[in-house]
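Engineer:
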Amino acid sequence: MPLQLVTVPCLADNYAYLIHDTDTGHTAVIDVPEPGPVLAALEAHQWRLTDILITHHHDDHIQGVDSLRARTGARVTGAAADAHRLPRLDLALADGDSLSVGSEQGKVLDVPGHTLGHIAFHFPQSRLCFTADSLMAAGCGRLFEGSARQMHASLQKLAALPPDTLICPGHEYTAANLRFAATLEPGNPRLISRSAEVAERRAKGIPTVPVPLAEELATNPFLRAHLPALKTAVGLPDADDVTVFAEIRARKDRF
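So for the sequence shown, our numbering puts the first residue at 1; every next one is plus one.
Written out as structure tokens, the structure is:
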């Protein structure tokens, strides 16, 4: 059976995620912005936490890790390249390495750009990918440490996953990201319908994530920098894809 997924709102606009293997009882959390909501979700489902998976070093993704480890005894996994600025790791992994949650094997994807040591966790059997602040719903993370070329390559790696993969990003930024996307593709019908759906969900306080990769491919401008229409929209009809991506990112930073 595929892993069960629970989306856990944290802080003002962060998300943690629980994944649970029914056969073994093993449960992992991806990122810990704060321990309280994660512990509440575990109690509500009567699950025992066995693993903590860390995507990157920013405080709003790791500041609850040590407290949650102390409460649960869970094993902490993160990027070997970032071990010096993460909570103490029990398992340090790199691009292409495997990890298991219960009976399901996942894979680590190196996705630098937002930070140099950012990783994602892909569980192909369950069609889940935890992308945190690399690929976000209708957007991507700011380039705090990496380059536009690095982030573009990271997003291309994620875009190559099966289109029915559920993308699980780290923040509730979808509505703002879609408003920006509409400045580039105002006539995109998928973008128009997605914006309406997101507005309805937010009005009801419902998370807008996870989201199928297919939806991202159809509406996320950072995955569409190769399209002639996007290149024309930013005034760079003859530019290479990375140059267009960098211009889109710069415009989003000013938006």
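C-beta atoms are modelled at their ideal positions from N, C-alpha and C, and glycine is treated no differently. It should be emphasised that the depicted structure is a prediction, and the values quoted were computed from it without experimental measurement.
Quick check on the DSSP output: what are the complete alpha helix (DSSP H) runs of length 4 or more inside the stretch 120-173, in order along the chain?
Structural biologist: Listed in chain order, the alpha helix (DSSP H) runs fully inside the stretch 120-173 are 148-159, counting runs of at least 4 residues.
Engineer: Taking the DSSP output, what are the residues bridged to S256?
Structural biologist: This structure cannot speak to residue 256, because the chain is shown only from 1 to 255.
Engineer: Report yes if the C-beta of A153 is less than 7 Å from at least one heavy atom of the ligand HEM; otherwise report no.
Structural biologist: The ligand content of the structure shown is nil, which means the ligand HEM is not present either.
Engineer: If you reduce the DSSP assignment to three classes, tell me which class G96 lands in.
Structural biologist: Reading the sequence shown from its first residue, position 96 is the one you call residue 96. In the structure shown, G96 sits in coil (DSSP, three-state: anything other than H, G, I, E or B).
Engineer: Under the rule that 16 or more other beta-carbon atoms within 10 Å means buried, what is P237, buried or exposed?
Structural biologist: As a working mapping, residue 237 is identified with position 237 in the sequence shown. It is exposed - the Cβ of P237 has fewer than 16 other Cβ atoms within 10 Å.
Engineer: Write down the C-beta distance between V108 and L128 rounded to the nearest angstrom, noting that I regard them as a contact closer than 8 Å.
Structural biologist: Within the sequence shown, numbered from 1, the residue matching residue 108 stands at position 108. Within the sequence shown, numbered from 1, the residue matching residue 128 stands at position 128. With a Cβ gap of about 14 Å, V108 and L128 do not count as contacting.
Engineer: What's the gap between the Cα of L3 and the Cα of H114?
Structural biologist: Position 3 of the sequence shown, counted from the first residue, corresponds to residue 3. Position 114 of the sequence shown, counted from the first residue, corresponds to residue 114. For L3 and H114, the distance between alpha carbons rounds to 28 Å.
Engineer: Could you tell me whether the stretch 160-171 touches the stretch 211-223, using the rule of 3 or more Cβ pairs below 8 Å?
Structural biologist: yes
Engineer: For G102, write down the residues that DSSP places opposite it in a beta bridge.
Structural biologist: As a position in the sequence shown, residue 102 is number 102, starting the count at 1. Note: G102 is not bridge-paired with any residue in the DSSP secondary-structure output.
Engineer: Return the residue from the list Q105, G64, R71 that minimises the CA-CA distance to P87.
Structural biologist: Sequence index remark: in the sequence shown, residue 87 carries index 87 (1-based). The shortest C-alpha separation from P87 is found at G64.
Engineer: Which two residues bound the contiguous beta strand (DSSP E) that contains P9?
Structural biologist: Translated into the one-based positions of the sequence shown, residue 9 becomes position 9. Where P9 is concerned, the enclosing beta strand (DSSP E) stretches over 4-10.
Engineer: Which runs of the alpha helix (DSSP H) at least 4 residues long sit entirely within the stretch 184-250? Give them in chain order.
Structural biologist: 189-203, 213-219, 228-233
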